[in-house]
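Per the working numbering, the very first residue in the sequence shown carries number 21; after that it's consecutive.
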Amino acid sequence: MVDTSSVLKSVRERIAELARLAEAGDAEAAKKLAAELTREIESALEEKPAAAPKRSAPKAPRDDVVKCPRCTLRSFTFQKGTVREMEDGSGGFEARFHCTSCGHEDWRGIG
Ligand SMILES: [Zn+2]
C-alpha cells in the first residue's frame with residue numbers, strides 16, 4: 021500500500037518547484053513536471069484501496085456455553101448464526117445467547 025502522506029509531501033515539494041519554473045518562464049520544464057505530478061497522483065489514487073478491509077465476523081464465540089447472567093447456571097448457550105457486529109461502533113461482534121435452564125436470552129460480546 022502507498023504511504024499517502026509521503027506521496028503528498030513529495031507532490032507538494034514539486035508543486036513549489038513548478039511554481040518556481042512558472043515564475044522563471046520555463047514553460048517546457050513546468051509542463052514536464054506537471055505531467056509527472058499528474059501521473060504520480062493518478063497511480064497513488066489507483067493503488068488506494070476502495071475501503072479499509074472490514075474485520076470478518078467470527079463464526080462462533082470462544083466459549084459457546086457460558087454462565088447465565090440471570091440464573092448463574094452454566095447453560096447460557098450460543099445460538100448458531102446470530103453473530104453480528106456490535107452497534108456501539110467498536111467493530112466488535114456479539115451473538116445471541118439462550119439459557120437452556122431459565123430461558124433468558126441476550127446479546128453477548130464475543131471474540
Ligand atoms: Zn439462565
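Heads up, the beta-carbon is just placed ideally off N, CA and C, and yes, glycines get one too.
Pull the bridge partners of residue i from the DSSP assignment, please.
{"i": "Gly129", "result": "Glu114"}
{"i": "Gly107", "result": "First, the amino acid is wrong: residue 107 is Glu here, not Gly. Paired residues: none, contrary to the question."}
If you drop the 5 nearest sequence neighbours on each side, which residues of the same chain put their C-beta closer than 8 Å to that of residue i?
{"i": "Ala42", "result": "Ala50"}
{"i": "Ala115", "result": "Ala80, Pro81, Phe98, Gln99, Thr102, Val103, Arg104, Trp127, Arg128 and Ile130"}
Start and end of the beta strand (DSSP E) containing residue i?
{"i": "Thr97", "result": "Phe96 to Phe98"}
Go ahead and label residue i buried or exposed: buried means 16 or more other beta carbons lie within 10 angstroms of its beta carbon, across all protein chains shown.
{"i": "Leu38", "result": "buried"}
{"i": "Ile130", "result": "buried"}
{"i": "Ala44", "result": "exposed"}
Where does the unbroken alpha helix (DSSP H) through residue i begin, and where does it stop?
{"i": "Arg32", "result": "Thr24 to Ala44"}
{"i": "Arg59", "result": "Ala47 to Glu67"}
Give me, in chain order, the residues of the same chain whose beta-carbon lies closer than 6 Å to that of residue i; leave out the 5 immediate sequence neighbours on both sides.
{"i": "Arg90", "result": "Cys122 and His124"}
Could you check how far apart the C-beta atoms of residue i and residue j are, in whole angstroms? I think they sit under 8 Å.
{"i": "Ser76", "j": "Val85", "result": "Their Cβ separation, rounded to whole angstroms, is 23 Å, which puts Ser76 and Val85 out of contact at 8 Å."}
{"i": "Val31", "j": "Glu67", "result": "Actually they are not in contact, since the Cβ atoms of Val31 and Glu67 sit about 14 Å apart, beyond 8 Å."}
{"i": "Phe113", "j": "Pro78", "result": "6 Å"}
{"i": "Thr24", "j": "Ala64", "result": "7 Å"}
Give me, in chain order, the residues of the same chain whose beta-carbon lies closer than 7 Å to that of residue i; leave out the 5 immediate sequence neighbours on both sides.
{"i": "Cys88", "result": "Ser95, Phe96, Cys119, Ser121, Cys122 and His124"}
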